[in-house]
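Taken in sequence, the protein lines are chains A and B. The opening position of the first sequence corresponds to residue 1 in the numbering used here, with each subsequent residue numbered one higher. The opening position of the second sequence corresponds to residue 1001 in the numbering used here, with each subsequent residue numbered one higher. Even glycine gets a Cβ: it sits at the ideal position worked out from N, Cα and C. These notes are about the structure you will find just below.
2 protein chains.
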Amino acid sequence: MTFQEHLDRFHQLQHTYLSWRDATQVLSWDWRAMTPKKASTARADVIGLVSAKENEVLCSEDMVKTLDYLTEHADQLGEVDRACVRLLKRDCDRARRVPVELFNEFAVLQHRSEAAWEEAKRTDNWPLYAPHLENMFTYTRRMMDCWGYEGSPYNAMLGYCEEGMTTEILDGLFRDVRDGITPLVSKVAASPVEIDDSFRFQRFDVEQQKKMANMLLAEMGFDLTRGFIAESEHPYTTSFGLDDVRLTNHYHDDQFIPAVFTTLHEGGHGLYEQSYDRSLNGTMVGGGLTSGMHESVSRFWENIVGRDRAFWEYMLPKIQAYFPQELKDVTPEGMYRAVNKSGRSLLRMEADELTYNLHIILRYELERDVFEGRVQVKDLPRLWKEKMEAYLGIVPADDRTGILQDIQWSMGQFGYFPAYALGNMYNAQYSARLKKEVDFEGALRQGNLAAIYNWKRDNLYRYGALYTPDELMRKVTGESLSAKYLVEHLTRKFTELYEL
Amino acid sequence: MTFQEHLDRFHQLQHTYLSWRDATQVLSWDWRAMTPKKASTARADVIGLVSAKENEVLCSEDMVKTLDYLTEHADQLGEVDRACVRLLKRDCDRARRVPVELFNEFAVLQHRSEAAWEEAKRTDNWPLYAPHLENMFTYTRRMMDCWGYEGSPYNAMLGYCEEGMTTEILDGLFRDVRDGITPLVSKVAASPVEIDDSFRFQRFDVEQQKKMANMLLAEMGFDLTRGFIAESEHPYTTSFGLDDVRLTNHYHDDQFIPAVFTTLHEGGHGLYEQSYDRSLNGTMVGGGLTSGMHESVSRFWENIVGRDRAFWEYMLPKIQAYFPQELKDVTPEGMYRAVNKSGRSLLRMEADELTYNLHIILRYELERDVFEGRVQVKDLPRLWKEKMEAYLGIVPADDRTGILQDIQWSMGQFGYFPAYALGNMYNAQYSARLKKEVDFEGALRQGNLAAIYNWKRDNLYRYGALYTPDELMRKVTGESLSAKYLVEHLTRKFTELYEL
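Next up, the structure:
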């Protein structure tokens, strides 16, 4: 077979593999957002079957031979094909190290565990969930052992989520974050400044919230003809190519701010998935880069935009149009202060921009310690409470607002939590650059969100997964990731707000 | 291998096959109800891939050997397994006669054709759709040639939709229907009775209509924890076992009656899929019997219940609660008359109970004639208009309200239209029996819909697909299908209503 024939074959295999991946992911989306609870377990088995087929295509001999040939002839490949071959070979090599039975069993158990978590969270029933979580850790550890790793076993999972990431690097970055913000957290707690955000707790009609969410998405530049928002217990975003990007939201009828920030967050993920170059669509590099980079774009819209004073000068009247009665006395400054009120919260999803990072560090340490064998699953609820006490000074009274609050572990999604804090760091670093090149406050004040979207698209989104995170950061900001921009950003903001 | 080993293997194969079928159908559902239009074509290819895998399982050597063995040993099988083996062998034999390439190509073309139809209907663009419809006829004809048939080639498709059905039987039944109702249609047209249904055309809030639809479903006995209503261009029902039954509706903001009758119709399908014995769940006989029997249960709720005077005595106040202003002057008698107003309508979906059958006979004749080679696809729009003129005395001004109105052909769903008229006949026949055993009008008047649901469940729903349609009809009514009950029912109703 000639080089061109190998390349054609590669394109076919890539297409088939990504089609199966889409099939699995559409089914998973449906399972979360649409399937009646009573059918959850039966459907989990169906998804397991399709996922097994996806894995079979990835691991096929044909795939291996084609990838091996093209890896040897990488210098003849264009930039996009070269990146796709590299990523597919990485995934193929990793998958082939895992026995088929282990993979298939895990795929079914993941969905069952997630279903158990949902029930356990609803009924505050840790014992119901514990064996499933135990499964998730055990199976993930077995997968890691198959994949191989250097140093901590947890590095296998970190590197899977964020190419090049290790506990060594992360321990350093997180230490800088913690050292930088802990004094700030104490000063905020001691500040006499009181922020009144009582307006956020009222009845807010859910249908109006849904309309508001669509308005926000359109303002951000999200194309509603190539995606939409549905509802699920735990909001998330998924995409099947550039033209089908789906967000979910979760509405509360007694407050409206979670819907605003979930829309900004998931909308940020969605924008990323709608904005890479169309030439990358349907390839391995069509889609966001790593989870850290993905969380950076989502938390950019949530924090850098959505928690900025100038944003609310533009956006508040638009939101008031949906709740004229409920929000009639709120001012942009009042809104700005309310959404930046810092305090000790039990729930990560409701944490402010400052303390959020401590919620992440807590989770990071717990999962690292389980994988390194220092901690057992049965002890996690207790350790959760101890760390909450130590880092945030509060202790959850139950597990619903403790260890059961997050979906990620239930899906076997370990190594993912650090992405949120990494995202905050990426964010602060490239936002510093953005603010040099674009009149950020001016654009927000005038509602010219397009200027901000365009900068992000031209500097980040368009590349999809062509580069590694480090390559991309150096391309955009001229340097590798550092915690200092995040610490600077938080110090500036909270010093002003709390008159520290 | 022992008998028991063969049986175990059969259960495994049946489970795997049905799992793949569920996967395909969940993806199809998502494609219709959720996928953004711009992603339609790409997703159609994905569904084609999954559907090919489903077909591969059905046609596997392992399946053939297991089915052959158990067919030989059918006398040792219990009733359910025997029925499952028979149905799976029928489907396996039929599928194996079709070359894999033909099947796979068809699966992709079906979804593309449906997407083209949707666009063509929206823009009244027959030429856009014509080549796709030509494909549907051509590929279906090729499939039929593979399957084999006796008499008319169309019999292959009729028998596929309705076991045992042929053009010979159907020509006779439809002649009886036409002869029975044509004089009635003329008399109604000449009747001086005028029914005022102007109240139906007003603004009706869509969110209120959605709430009304859920209320109606709950009243019918549909379990909303095992299914739900979404929206799609063309309403339909699909199910993945007893615990995940999905309906779609299509809401119009300028009238509310379509939402009522679509809910009753699709809810009828849904009830059937939720009500077979749980012991049949996950087997070949878990699910409605044939398309004709399915349309009988849907049109039972739509016509026998929903177009009955006593029903509106109970239901009107409940619906008025959603539209107190819009419906304040409507009486149960006025509602009864409005929903039974007979006239010449262009759209099948909006036709009254009497003329509906003529819409079906028109479609039946056209598809039969294409398959028998007497008519060409390019001539269908003209022939449609000619037949509308001949049977109903009106001619559509465009194709949107003519040949483009229905989804079925676009999906290659031929042989299905007769099911609606068969459904009307089954319906009238077993409703005559039901009315002997249950105080039908009394139950409706008191809102005791459960009494009606229970009779249907105990006599029809519970059996799933255990029997052939003829066996079931004889079991329930003591005789084979005849047109006379339908003609009697319509004559009685319209003679009274129009004072003939």
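The alpha helix (DSSP H) that contains residue i, what's its start and end?
{"i": "Ala1421(B)", "result": "Phe1417 to Glu1437"}
{"i": "Pro258(A)", "result": "Ile257 to Gln274"}
{"i": "Cys146(A)", "result": "Trp126 to Trp147"}
{"i": "Trp455(A)", "result": "Leu449 to Asn459"}
{"i": "Asn1104(B)", "result": "Val1100 to Thr1123"}
{"i": "Pro1396(B)", "result": "Counting along the chain, Pro1396(B) falls outside any alpha helix (DSSP H), and DSSP gives it neither H nor E."}
{"i": "Glu1488(B)", "result": "Lys1484 to Leu1497"}
{"i": "Thr1468(B)", "result": "Counting along the chain, Thr1468(B) falls outside any alpha helix (DSSP H), and DSSP gives it neither H nor E."}
{"i": "Lys385(A)", "result": "Leu380 to Leu392"}
{"i": "Ala1443(B)", "result": "Phe1440 to Arg1445"}
{"i": "Val1370(B)", "result": "Tyr1356 to Phe1371"}
Could you tell me which residues DSSP puts in a beta bridge with residue i?
{"i": "Val1245(B)", "result": "Gly1227(B) and Ser1239(B)"}
Whose C-alpha, out of the options, is nearest the C-alpha of residue i?
{"i": "Val206(A)", "options": "Gly180(A), Asp223(A) and Asn249(A)", "result": "Asn249(A)"}
{"i": "Leu1087(B)", "options": "Tyr1129(B), Gly1393(B), Ser1051(B) and Gly1159(B)", "result": "Gly1159(B)"}
{"i": "Ala218(A)", "options": "Trp126(A), Gly267(A), Asp8(A) and Arg474(A)", "result": "Gly267(A)"}
{"i": "Phe1199(B)", "options": "Met1144(B), Phe1417(B), Leu1327(B) and Asn1055(B)", "result": "Leu1327(B)"}
{"i": "Ser275(A)", "options": "Gln255(A), Phe222(A) and Val100(A)", "result": "Phe222(A)"}
{"i": "Ala95(A)", "options": "Gly286(A), Gln202(A), Trp147(A) and Leu280(A)", "result": "Trp147(A)"}
{"i": "Leu61(A)", "options": "Ala74(A), Val46(A) and Cys92(A)", "result": "The amino acid occupying residue 61(A) in the given sequence is Glu; Leu does not appear at that position. Residue Cys92(A) is the option with its Cα nearest to Glu61(A)."}
{"i": "Phe256(A)", "options": "Val193(A), Asp243(A) and Glu350(A)", "result": "Glu350(A)"}
{"i": "Leu1170(B)", "options": "Met1425(B), Asp1308(B) and Leu1224(B)", "result": "Met1425(B)"}
{"i": "Ala1083(B)", "options": "His1359(B), Lys1493(B), Met1284(B) and Trp1455(B)", "result": "Met1284(B)"}
{"i": "Tyr430(A)", "options": "Lys475(A), Leu404(A), Glu386(A) and Gly442(A)", "result": "Lys475(A)"}
{"i": "Arg1021(B)", "options": "Asn1454(B), Val1185(B) and Ser1239(B)", "result": "Ser1239(B)"}
{"i": "Phe1106(B)", "options": "Asp1439(B), Leu1490(B), Ile1452(B) and Gly1412(B)", "result": "Gly1412(B)"}
{"i": "Thr1263(B)", "options": "His1234(B), Ala1428(B) and Thr1123(B)", "result": "His1234(B)"}
{"i": "Asp1254(B)", "options": "Phe1204(B), Val1375(B) and Asp1196(B)", "result": "Phe1204(B)"}
{"i": "Gly48(A)", "options": "Leu27(A), Leu58(A) and Cys59(A)", "result": "Leu27(A)"}
{"i": "Lys387(A)", "options": "Gln376(A), Lys378(A), Tyr129(A) and Gly402(A)", "result": "Gly402(A)"}
{"i": "Leu1058(B)", "options": "Thr1477(B), Asp1068(B) and Lys1089(B)", "result": "Lys1089(B)"}
{"i": "His1269(B)", "options": "Val1260(B), Tyr1069(B) and Gly1287(B)", "result": "Gly1287(B)"}
{"i": "Leu1271(B)", "options": "Asp1244(B), Glu1005(B), Pro1258(B) and Tyr1251(B)", "result": "Asp1244(B)"}
{"i": "Asn427(A)", "options": "Val487(A), Lys37(A) and Met165(A)", "result": "Val487(A)"}
{"i": "Asn1281(B)", "options": "His1015(B), Thr1066(B) and Arg1307(B)", "result": "His1015(B)"}
{"i": "Gln1004(B)", "options": "Tyr1069(B), Val1050(B) and Phe1494(B)", "result": "Tyr1069(B)"}
{"i": "Ile1540(B)", "options": "Tyr1485(B), Val1330(B) and Glu1056(B)", "result": "The structure shown does not extend to residue 1540(B), since chain B is modelled only from 1001 to 1500, so the question has no answer here."}
{"i": "Gln1405(B)", "options": "Leu1346(B), Gln1202(B) and Lys1065(B)", "result": "Leu1346(B)"}
{"i": "Glu353(A)", "options": "Met473(A), Asp398(A), Arg457(A) and Val185(A)", "result": "Val185(A)"}
Can residue i be considered in contact with the ligand NAP, in the sense that its beta carbon sits closer than 6 Å to one or more heavy atoms?
{"i": "Leu1449(B)", "result": "The ligand NAP is not part of this structure, which contains no ligands at all."}
(request) Go through the region 1154-1240 of chain B residue by residue and report every complete run of the beta strand (DSSP E) that reaches 3 residues or more, in order. (result) Correct list: 1227-1231 and 1237-1239.
(request) Evaluate contact between the region 1318-1326 of chain B and the region 1341-1351 of chain B, counting only Cβ atoms and requiring at least three cross-stretch pairs below 8 Å. (result) Not touching, per the Cβ criterion.
(request) With a floor of 4 residues, list each alpha helix (DSSP H) that falls wholly inside the region 1298-1339 of chain B, ordered by position along the chain. (result) Segments of the alpha helix (DSSP H) lying fully in the region 1298-1339 of chain B: 1309-1320 and 1332-1338.
(request) Please confirm if the region 292-312 of chain A is in contact with the region 403-421 of chain A, defined as three or more CB-CB distances below 8 Å between the two stretches. (result) Judged by Cβ distances under 8 Å, the region 292-312 of chain A makes contact with the region 403-421 of chain A, as three or more pairs qualify.
(request) May I ask you to verify whether the region 1446-1461 of chain B touches the region 1385-1401 of chain B, counting CB pairs closer than 8 Å and requiring at least 3? (result) Here the region 1446-1461 of chain B makes no contact with the region 1385-1401 of chain B; the two share fewer than three CB pairs at distances below 8 Å.
(message) If contact is defined by three or more beta carbon pairs under 8 Å, each pair taking one atom from either stretch, is the region 1096-1105 of chain B in contact with the region 1139-1146 of chain B?
(response) The region 1139-1146 of chain B makes contact with the region 1096-1105 of chain B, as at least three CB pairs between them are under 8 Å.
(request) Starting from the N-terminal side, write out each stretch of the alpha helix (DSSP H) that is 4 residues or longer and does not extend beyond the region 19-98 of chain A. (result) Those alpha helix (DSSP H) runs which fall completely within the region 19-98 of chain A and span 4+ residues are 40-58, 61-72 and 79-96.
(message) Is it the case that the region 328-336 of chain A contacts the region 309-318 of chain A, given that we only count it when at least three CB pairs across the two stretches are under 8 Å?
(response) Result yes; three or more Cβ-Cβ pairs closer than 8 Å.
(request) Assess, as a yes-or-no matter, whether the region 459-469 of chain A is touched by the region 1031-1040 of chain B under the definition of 3 or more beta carbon pairs within less than 8 Å. (result) For the pair of segments examined, the region 1031-1040 of chain B was found not to touch the region 459-469 of chain A: the number of CB pairs separated by less than 8 Å stays below three.
(message) Would you call the region 226-233 of chain A in contact with the region 351-364 of chain A, where contact means no fewer than 3 C-beta pairs closer than 8 Å?
(response) Under the Cβ criterion (8 Å, minimum of three pairs), the region 226-233 of chain A does not count as touching the region 351-364 of chain A.
(message) Under 8 Å: do the region 1369-1382 of chain B and the region 1071-1081 of chain B share three or more Cβ pairs, one atom per stretch?
(response) No, the region 1369-1382 of chain B is not in contact with the region 1071-1081 of chain B.
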